[in-house]
Ligand code: UGA
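Numbering (this note's numbering), first residue to last: 2 to 441.
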């Protein structure tokens with residue numbers, strides 16, 4: 002069993018550390034935030050990630066937390082870098098936290114640096130050169146990108162589709178591969194640049210699928226087809242597969258927006274215009290705004306209208322608000338003069354101008370429309386007689402196709418899905434026939 006230091010106690014670092022401890026390794030997690038380290042030492046888990054608390058709890062004797070670089074590096078054979086790489090103003094990945102970790106390594110460090118953070122292709126080569134320039138020949142380097150999704154990160158780590166290891170030296174690659182003993186998955190061994198590209202290309206491909214099905218959904222709305230049938234029908238082709246074909250109001254989160262932008266910029270900085278990826282990103286921007294068109298179609302001008310946003314986190318089973326579509330929706334609605342209320346079972350964001358409510362029912366009271374922004378399972382129960390009575394206009398815009406249109410319609414709601422064949426105008430004449438209000 003190895004001693005592993007993990008730099009960064011965020012989603013990726015904590016999941017990686019907890020899971021390596023679960024595999025029997027001795028892990029020390031280092032972060033720069035005193036409060037975070039304190040809470041972790043007290044047995045608290047500072048992020049919402051299902052199952053992570055159990056894994057941490059059962060491995061308490063194998064995992065420790067520190068603020069001190071020396072303490073982390075001392076005796077460690079592997080130095081996992083799992084710090085954030087947010088986009089810069091220019092859209093490139095900001096590697097300052099990565100470089101801080103590398104620069105802070107003591108001169109007598111002897112270990113393999115393993116890059117878990119998502120970085121542009123070429124980063125490993127630059128880090129290798131910097132280590133060499135400092136004479137840190139005893140420090141190896143490998144790339145071991147992560148493919149875990151928030152909400153299912155523990156399972157994704159322990160039961161991955163594949164493990165990717167890129168290294169300059171075979172021995173470093175072998176050692177990193179061996180750390181994963183106990184996990185049953187194919188291992189892809191590659192050079193460092195290719196390992197870095199696998200990560201970016203995988204996320205770019207996933208967002209391409211989502212933007213593709215979102216555009217199909219938009220066309221479905223125009224021609225009277227139902228995207229759920231279409232997605233099922235195309236997903237059963239084994240060459241295409243069923244995953245990431247859920248149409249909705251667009252992709253968000255801590256990874257997809259950042260990584261797609263980073264790949265776009267990486268290509269551009271290298272002299273290549275990545276036309277397809279540009280379109281995929283643009284489709285996603287427009288997709289979020291289509292919700293406003295739907296609301297306006299039913300309600301007329303949105304000034305003075307009360308809109309409830311149900312689900313605020315970028316997806317269910319996380320409290321992560323990074324690049325959540327709810328942020329764009331809330332600010333667009335506020336810009337249009339609407340009154341916005343929000344509900345989420347876990348996320349408690351401070352959104353300027355948005356009143357947070359404790360229950361979906363409270364959020365929709367007196368509302369002109371409820372928008373399902375995040376498909377929390379709790380919302381399956383939301384359409385009820387009580388909710389319909391509470392709303393000023395019983396209109397549901399289902400940005401995630403969570404609900405069954407027929408059931409919702411039977412309850413007396415107007416329903417507008419994403420790419421669904423049944424539109425609200427078929428079902429609630431009093432709303433469809435109402436003249437759009439001019440509310441200024
Ligand atoms: C994503 C990838 O799925 C992981 O493989 C990857 O490791 C991770 O990014 C990363 O780079 O760290 P994550 O962002 O946690 O994981 O969440 P996803 O479940 O992939 O969802 C991302 C967004 O796409 C969400 O906003 C979700 O609502 C949206 N989505 C997903 C759709 O709109 N339709 C789909 O069919 C699937």
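All C-beta atoms, glycine included, are put in the ideal place defined by N, C-alpha and C.
No heavy atom of the ligand UGA is found nearer than 8 angstroms to the CB of residue 261.
For residue 12, the closest of 25, 27, 83 and 64 by C-alpha to C-alpha distance is 83. Apart from sequence neighbours up to five positions away, the residues of its chain that approach residue 54 with a beta-carbon distance below 8 angstroms are 46, ordered along the chain.
The straight-line gap separating the alpha-carbon atoms of residue 232 and residue 14 is approximately 35 angstroms.
The beta-bridge partner set that DSSP reports for residue 310 consists of 343 and 372. Counting only the Cα atoms, residue 168 lies some 17 angstroms from residue 201. Distance from the C-beta of residue 244 to the nearest heavy atom of the ligand UGA is below 8 angstroms. Sixteen is the threshold: since fewer than 16 other Cβ atoms of the shown chains lie within 10 Å of the Cβ of residue 239, the residue is exposed. Counting C-beta pairs with one atom in each stretch, the segment 97 to 114 and the segment 125 to 133 have three or more that are closer than 8 angstroms, which means they touch. Contact between the segment 91 to 107 and the segment 187 to 197 is absent, with fewer than three C-beta pairs closer than 8 angstroms. Taking C-beta atoms as the reference points, residue 419 and residue 218 count as a pair closer than 9 angstroms. Each residue's CA atom was taken as its position, placing residue 329 and residue 309 some 14 angstroms apart. Nearest in C-alpha terms to residue 106, of all of 254, 361 and 137, is 137. Annotated three-state conformation of residue 159 is helix, per DSSP. Residue 42 and residue 66 do touch by the CB rule: their CB atoms are close to 5 angstroms apart, below 8 angstroms. Taking 9 angstroms as the cut-off, the beta carbon of residue 180 is found closer than this to the beta carbon of residue 5.
In the three-state reduction of the DSSP assignment, residue 168 falls in the strand class.
Per DSSP, residue 209 lies in no beta strand (DSSP E) segment; the continuous alpha helix (DSSP H) that holds it begins and ends at 193 to 224.
Excluding its 5 nearest sequence neighbours in each direction, residue 170 has C-beta neighbours in its own chain below 7 angstroms: 141, listed in chain order.
Taken through DSSP and simplified to helix, strand or coil, residue 80 comes out as strand.
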